[in-house]
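Here is the structure we will look at, set down as structure tokens.
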Amino acid sequence: MDAAGTGATRRQTGGDSGATLVVPEPAFIEGLIALFDSTAAGVDARRVLGDRQRAGLRGAALLLMAVFLVVPKAVLIALSLVTSVAFLALGIVRLLASAAPDRAALPKRALADDVLPVYTVLVPLRREARVVPRLVANLGALAYPPDKLDIKMLVEADDPETASALARHAGALAAEIVILPPVGPMTKPKALDAGLALARGDLITVFDAEDRPEPDQLRVSAETFAAGSDDLACLQARLVIDHPEEGWFPTMFAIEYAMLFDGLLPWLARGGYPFLLGGTSNHFRRSALLAVGGWDPWNVTEDADLALRLAAAGCRSGLIASATFEEAPLALRPWLRQRTRWLKGWLQTWFVHMRHPATLLRLVGPGAFSMIQLQLLASLGAIAAHPVWAVLVAAALMGLAPLGTDGSVTGDLVMVFSASAFAIGWLAAARLAVTALERRRFVRGRRALVWLPLYWLLMSWALGLAVIDLVRRPHFWAKTAHGLARRPSGTLQERRSATKRAAAASVSAAAP
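Numbering (UniProt numbering), first residue to last: 1 to 512.
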């Protein structure tokens, strides 16, 4: 479906604004959802579990309970071994990533302005009136020919405040403000599918309302696509928290993003493995998005799901040497809401793509299949097991008998292996964090690494809430408020230069 089939009304927003208001008919959204359903062929998050998965989980749960009643120790040993393997696998990959070269950016081919492709920028917004002025300024700073920019602000019909703010401020961008009718799930991917159907560009990117992309990001992406083969479908920019000094959660978030975007993802991309995308600053070939049906409107981590769909379609993803600055939650409650949604989406994504595991294995190959399991299943398993092993370690440090050992050789061997795997996982995460923080020149973050175990415990809490939410309201999108942080300006290079100057001044001042 394209713009011609929207049944939309179009009009200028009035005043000095150059923005255009686009109001599609409800049938347009219904058609997009139906189109995705037909393309996905049942591999979507509308249902959390397939029939065989539901029956398999019930059977496995009954079998586990029956065996536990007869030989409880065997069940505990098996669970210990499974989670230990997850910790160990994650630890090995993190060590490999920390030892890998610094960058994995792909080559570029310089393009003159007149041959740059039209670039569609999709910006889904919900309850974001507060950040609209800054958003408009950030998008206005993009160094890309204005006549080749196709900016679409995607707003739900029940959010007149954001639409009004856009009408007042977005005129300089000549953007389209798309008012989405109240049809289907109230999710970001549904909005993105509408934007995709209306897009004019051969290349498409997604920015969130709080994002501040580096000005050259679209050009870097276009030139990287130009140098790449046709199977290069997606490019991910690095995400950077730009206010880590504002509190404990922004600091830990900054460490986490450094580990991911300057540690793990470069290693995965260099090896040609699929990797879970960030929720913003992904750049796509429009043809690749259309080939996989766009985004799953029912998935609350549409980025992770799309990464796997592209991989299954034979597409590659890569990284670009450009950053987007982001805002982190400042307190526990908003962090917990956001993380609960993320982990719920990971669960959705794993269940969806494992409905036919043999098919996925055949499509992506053994190596990629293993890395998908590592990023989803092993990560979720490690998060779930972290509190248990934290208690065991604490008990051992206090001189108490480790839980689960009874003096038997088997019990002792399992405990030694599990404790070793847990320790390797922890130490490898710390090693990767140190390496990534050095690459980001955020060395002050190393002092906060001691808090990683507590941060992981909070993730375990969020995972428990995610499981409950997946059962109760699988498609509910927990909104994260933005515009609350005190954020600096400047590109990553400018901020690094300022850091160097400050360090040099400090050394000079301390000199005798």
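All C-beta atoms, glycine included, are put in the ideal place defined by N, C-alpha and C.
Only residues of its own chain outside the window of five on either side were considered, and among them V48, K344, L347 and Q348 have a CB closer than 8 angstroms to the CB of L470, listed in chain order.
For the beta strand (DSSP E) assignment, the uninterrupted runs of no fewer than 3 residues enclosed by the segment 189-262 are, from N- to C-terminal side, 203-206 and 232-241.
Within the same chain, Cβ atoms closer than 8 angstroms to the Cβ of P297 are found at L32, I33, F36, G184, P185, T187, P189, K190 and D193, the five residues on either side in sequence being excluded.
Only residues of its own chain outside the window of five on either side were considered, and among them V82, T83 and A86 have a CB closer than 8 angstroms to the CB of G381, listed in chain order. DSSP lists D150 and I204 as the beta-bridge partner residues of T120.
DSSP places N138 in the helix class (H, G or I) of the three-state scheme. Per DSSP, reduced to three states, the secondary structure at F442 is coil, with no helix or strand assignment. Less than 9 angstroms divides the Cβ of A237 from the Cβ of I320. R285 carries a strand assignment under DSSP once its states are collapsed to helix, strand and coil. If you check the CB distance, L336 and L149 do not come in under 9 angstroms. Distance between A481 and P250, taken at the CA atoms: about 14 angstroms.
For L264, there is no enclosing beta strand (DSSP E), as DSSP marks it with neither H nor E. In the DSSP annotation of this structure, the continuous segment of the alpha helix (DSSP H) that includes E302 starts and ends at E302 to A312. Under DSSP, G318 shares a beta bridge with L235. The DSSP-derived three-state label of F476 is coil. A contact between stretches requires three or more CB pairs, one per stretch, nearer than 8 angstroms, and the segment 244-261 meets this requirement with the segment 424-442. For G140, the CB contacts under 8 angstroms within the same chain, skipping 5 residues up- and downstream, are A172 and L173 in chain order. The beta-carbon separation of V220 and S322, rounded to 5 angstroms, stays under the 8 angstroms limit for a contact. Counting along the chain, V75 sits inside no beta strand (DSSP E); it lies in the alpha helix (DSSP H) bounded by residues P72 to A99.
For L21, the enclosing beta strand (DSSP E) covers residues T20 to V23.
For V352, the enclosing alpha helix (DSSP H) starts and ends at L332 to H353. Around the beta carbon of V71, a 10 Å sphere encloses fewer than 16 other beta carbons of the protein chains shown; the residue is thus reported as exposed. Cβ-Cβ separation between E326 and V240: approximately 7 angstroms, consistent with a contact (criterion under 8 angstroms). In the DSSP assignment, T324 forms a beta bridge with P213 and L239.
Counting along the chain, V178 sits inside no alpha helix (DSSP H); it lies in the beta strand (DSSP E) bounded by residues E176 to L180.
Proximity to E176 across L265, D158, L198 and L363 peaks at L198, based on C-alpha coordinates.
The count of Cβ pairs closer than 8 angstroms, one atom from the segment 438-447 and one from the segment 106-120, stays below three, leaving the stretches out of contact.
Per DSSP, M186 is not a residue of any alpha helix (DSSP H), being assigned neither H nor E.
Under the criterion of beta carbons closer than 8 angstroms, T280 and T324 qualify as touching, at roughly 6 angstroms. Remark: C-beta atoms of L203 and F261 do not approach each other more closely than 9 angstroms. Check the Cα spacing between R200 and each of Y273, V409, V118 and A40: the tightest is with V118. The C-alpha of V292 is placed about 28 angstroms away from the C-alpha of L21.
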